[in-house]
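Visitor: So the protein lines, in turn, are chains A, B, C and D. Count along the first sequence starting at 1, add 79, and that's the number in my numbering. Count along the second sequence starting at 1, add 79, and that's the number in my numbering. Count along the third sequence starting at 1, add 79, and that's the number in my numbering. Count along the fourth sequence starting at 1, add 79, and that's the number in my numbering. All C-beta atoms in this analysis are idealised placements derived from N, C-alpha and C, irrespective of residue type, glycine included. Please find one structure pasted underneath; my questions will follow.
Number of protein chains: 4
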Amino acid sequence: MLLTIDTADRRAIYQQVADGIKALIARGDLAEGAPLPPVRQLAADLGVNLNTIAAAYRELQSDGLITVKHGSGAVVASRTMERSDDELRRTLRTALTQLVLAGLPKGRILNIVSDELHTLMKGTK
Amino acid sequence: MLLTIDTADRRAIYQQVADGIKALIARGDLAEGAPLPPVRQLAADLGVNLNTIAAAYRELQSDGLITVKHGSGAVVASRTMERSDDELRRTLRTALTQLVLAGLPKGRILNIVSDELHTLMKGTK
Amino acid sequence: MLLTIDTADRRAIYQQVADGIKALIARGDLAEGAPLPPVRQLAADLGVNLNTIAAAYRELQSDGLITVKHGSGAVVASRTMERSDDELRRTLRTALTQLVLAGLPKGRILNIVSDELHTLMKGTK
Amino acid sequence: MLLTIDTADRRAIYQQVADGIKALIARGDLAEGAPLPPVRQLAADLGVNLNTIAAAYRELQSDGLITVKHGSGAVVASRTMERSDDELRRTLRTALTQLVLAGLPKGRILNIVSDELHTLMKGTK
DNA sequence: GTGGTCTAGACCACG
DNA sequence: GTGGTCTAGACCACC
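Okay, structure coming up:
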C-alpha cells in the first residue's frame, strides 16, 4: 500500500493514514472502485490498532472518497472531495508559510510544488 | 495585528493564531525585533482564553521565531525556522492533495500557489 | 417483485429486502398464503449474496410474517406482526425527527404521511 | 437530559443517544447555542463507556447539528440537518409499515403521528 | 471473511 | 475540566 506512519509527525496516526490514502487516490494509485485493504490487515501491516485504521476509513467515508459496506469492505467511491475555496487557500497558505520560513527561495519552492503536483496528478488525465 | 480566528476553521484556535503570526513574520509585517502584542491584550482582542494565546506564543518560541522575556514581552527573534526537507515536502503534499481532490485543475492550483507565494514573500527581498 | 436495493441507502441490504417485503405485505401485494420467490432466485434477481436474502427471510420469519418450509419455499403466513406500543412510538418518533430536522413544515409532513399511509393501506380495506 | 438507553432496542447504543439528542434539538429542549453535557458526564449518567458517547457526538457533528470545540465542549450549532427527499420518504415509509403491520387502524396511526409531531415541533415556531 | 460496536483504561491536546 | 487519540481485546452484524 506504500503507506508509512511517522511518530515524529505531529498529525494523529489515523490522520496520517487518511492523508496517505487521499494522496494515493489523488495519484490514481487507488482508482475508483478499487478495494482498500481490510481494516485489520492494514492495522497489522502498520503495527497499529484496528480502531485507529477504522477512524481513518471513517474520515475518508465522511469525505465521500470511499464507501464502506458491512460484509464486503471499503472501495474508492470518488476522486473528488468537497472543500470550500477559502479552506483550500488557507491550507495552502499555511503550508507555504512553512517553506518560506524555512528559508527556501521562491524558485526552489516552485520546483517542489511543481514536482509534487506532477506526482499527485499523474493519474488525473 | 490583522489576525482573525475562524470558528469554521478545523485548526485549533491556538494553531490559527500561531500560523497567522507566522504568516505575518514571513511577509515582513512583523520584522525582526518587532514586539508582539502582550498575551493579555491579544487574548482580549480576539476574545479568546489567555492560555490559548500563551500556547501560540509557546509554539512560536519553540520554533525559534520569537523570544519571550519576562516583563518585556515577546519580540520577533528570527525570520527563519528549522524544518527538515522531509517534513516540508510532506506538509506541502498534504495541502496540495486537498486541492487536487477538490478538483482544481493544475493551472488553477499553480495560480493560487503563485498568488499566495507573492503575498508571503513580498518582504523577503 | 418490485423490490430494489439502493447502495446509497444507509440500511443494510438484507434490511432493505426485509423492509421492502414488509411493505409489499402491508399493501396486500403479497396476500396471505402467497409464495415468496425462492432465496436463490431473488438473490440472482437483485444481484446480491444468497446469505443476504436468507437473512431477510429469517427476519420476516421471526416476525411471524412468513413461514419457511424446507422444500416448498416461503409463503406469507400473516399480515400482522407483534410490536409493543413503546417500540412503535419510538420508531415513528425517530423517523419524524428526521423530517422535522430536515426543515419540512408540519403541513408537508402530514401530506407525506397521508400519502404513504394511503399507499401502504390500499389493501387493508 | 431526559435520555434513556434501552437494551431491547435494536439500534446501537450510540445511535440511541444520537437519535435522542436529535429529538431534544427538534423539540427545542436543546436550543441553538445550548451546551451538551460533557462526554464523560453523560457516559457516567447513562452507565456506558465514554467512547460510546463520543461516537454519538461525532454523528451529531457530521450531521451539522452540533459543533465540538476542543477545550470547551459541544454546543448545538443548528436545528437543521440535510437529508434528501428520497431518504426522508423511505425512512417514514419504513416506520409506518411497522405500525400498519402491527394492526393499528389508520385513524390511530394518524393520531399518534399528530401527537408525536406536536411534541417534536413545539419549539419550532 | 468483512466491518461495527463496546468496554476499560491510559495519555495527550486544548482552552 | 474539556474533548481527542490510542490500545487491547471481546462480541456482534453482515455478506
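According to a CB-to-CB cut-off of less than 7 Å, which residues of the segment 148 to 177 of chain A neighbour chain C?
Guide: Residues H149.
Visitor: Going by Cα to Cα distance, which pick from K201/D, T131/D, K185/D, T146/D is closest to R90/D?
Guide: Among K201/D, T131/D, K185/D, T146/D, the Cα nearest to that of R90/D is on T131/D.
Visitor: With a cut-off of 8 Å, does the C-beta of A91/B fall near any C-beta of chain D?
Guide: Interface residue, yes.
Visitor: Is the separation between the beta-carbon of I188/B and that of L180/B shorter than 8 Å?
Guide: Contact flag unset, no.
Visitor: Could you tell me which of L129/C, L199/C, A110/C sits nearest to V245/C, measuring between CA atoms?
Guide: Absent from the model: residue 245/C. The displayed extent of chain C is 80 to 204, so no value can be given.
Visitor: Sort out for me which residues DSSP pairs I145/C with in a bridge.
Guide: Per DSSP, V155/C.
Visitor: Out of curiosity, what's the CA-to-CA distance linking E195/C and E166/D?
Guide: Each residue's alpha carbon lies about 13 Å from the other.
Visitor: For Q140/D and V154/D, I'd like the C-alpha separation in whole angstroms.
Guide: If you take the alpha carbons of Q140/D and V154/D, they lie about 10 Å apart.
Visitor: By how many angstroms is the C-alpha of A123/B removed from the C-alpha of A102/D?
Guide: Computed Cα separation, rounded: 37 Å.
Visitor: Just to confirm the assignment, what range does the alpha helix (DSSP H) spanning L171/A have?
Guide: Taken as a continuous stretch (DSSP letters only), the alpha helix (DSSP H) holding L171/A covers 164 to 180.
Visitor: Can you name the start and end residues of the alpha helix (DSSP H) that V57/C belongs to?
Guide: What is shown of chain C runs 80 to 204, which leaves residue 57/C out entirely.
Visitor: Which residues, taken in chain order from the segment 93 to 109 of chain A, show a beta carbon closer than 8 Å to some beta carbon of chain B?
Guide: From the segment 93 to 109 of chain A, only D98, K101, A102, I104, A105 have a Cβ closer than 8 Å to chain B.
Visitor: Taking the C-alpha atoms as reference points, what is the distance between A135/D and D98/A?
Guide: When rounded, the distance between both Cα atoms is 24 Å.
Visitor: Around the Cβ of L81/B, are there at least 16 other Cβ atoms within 10 angstroms (buried) or fewer (exposed)?
Guide: Exposed.
Visitor: Are S157/C and L144/C close, meaning C-beta to C-beta below 8 Å?
Guide: Yes. Within cutoff.
Visitor: Taking C-alpha atoms, which residue in L125/D, L175/D, P116/D lies nearest to I191/C?
Guide: Comparing Cα-Cα distances from I191/C to each of L125/D, L175/D, P116/D, the minimum goes to L175/D.
Visitor: Tell me, which residues are paired with P114/A by DSSP?
Guide: BP columns for P114/A point to V154/A.
Visitor: Counting only the same chain and skipping the five closest in sequence on each side, list residues whose C-beta sits under 8 Å from that of E161/C.
Guide: D142, G143, listed in sequence order.
Visitor: In the structure shown, what three-state DSSP assignment does T86/D receive?
Guide: Looking at T86/D - three-state DSSP - the assignment turns out to be coil, as it is neither helix nor strand.
Visitor: Comparing the C-beta of G112/D with each C-beta of chain C, is any distance below 8 Å?
Guide: So no, G112/D is outside the interface.
Visitor: Would you tell me roughly how many angstroms separate the C-alpha atoms of L115/D and T83/D, rounded to the nearest one?
Guide: Distance between the alpha carbons of L115/D and T83/D: 15 Å.
Visitor: Under 8 Å between the Cβ atoms of G24/B and K201/B?
Guide: Residue numbering for chain B in the displayed model covers 80 to 204; residue 24/B lies beyond these limits and cannot be assessed.
Visitor: Check whether the Cβ of K185/C lies closer than 8 Å to any Cβ atom in chain D.
Guide: Answer yes: the Cβ-Cβ gap between K185/C and chain D drops below 8 Å somewhere.
Visitor: Could one say the Cβ of A50/B lies closer than 8 Å to chain A's Cβ atoms, at least one of them?
Guide: In this structure chain B extends from 80 to 204, so residue 50/B is not present and cannot be described.
Visitor: Would you tell me roughly how many angstroms separate the C-alpha atoms of L125/A and D88/A, rounded to the nearest one?
Guide: Computed Cα separation, rounded: 15 Å.
Visitor: Nearest chain C C-beta to I188/D closer than 8 Å, yes or no?
Guide: Yes, contact with chain C.
Visitor: Taking C-beta pairs closer than 7 Å, name the residues in chain D that L196/C reaches, listed in chain order.
Guide: Near L196/C (Cβ distances below 7 Å), the residues of chain D are L175, K185, I188.
Visitor: Counting only beta-carbon atoms, is L81/C nearer than 8 Å to chain D?
Guide: Taking Cβ atoms only, chain D never reaches closer than 8 Å to L81/C, which makes this a no.
Visitor: Under DSSP, the alpha helix (DSSP H) around D108/A begins and ends at which residues?
Guide: D108/A -> no alpha helix (DSSP H), and no H or E assigned at all.
Visitor: Express the C-alpha separation of V147/C and A113/C in angstroms, rounding to a whole number.
Guide: Taking the straight line joining both Cα atoms gives about 12 Å.
Visitor: Using the Cα positions of D164/D and T173/D, report the straight-line distance between them to the nearest angstrom.
Guide: Looking at the two C-alpha atoms, the distance is approximately 14 Å.
Visitor: Say whether chain B places a C-beta atom closer than 8 Å to the C-beta of V192/A.
Guide: V192/A counts as touching chain B.
Visitor: Look at the alpha carbon of E111/A and the alpha carbon of G182/A, and state the distance between them as a whole number of angstroms.
Guide: Near 39 Å, if we compare the C-alpha coordinates of G182/A and E111/A.
Visitor: Who are the near neighbours of L109/C in its chain, counting only those whose CB is closer than 8 Å to its CB and skipping five residues on each side?
Guide: Closer than 8 Å at the Cβ level, and outside the excluded window around L109/C, lie I100, L103, L115, V155.
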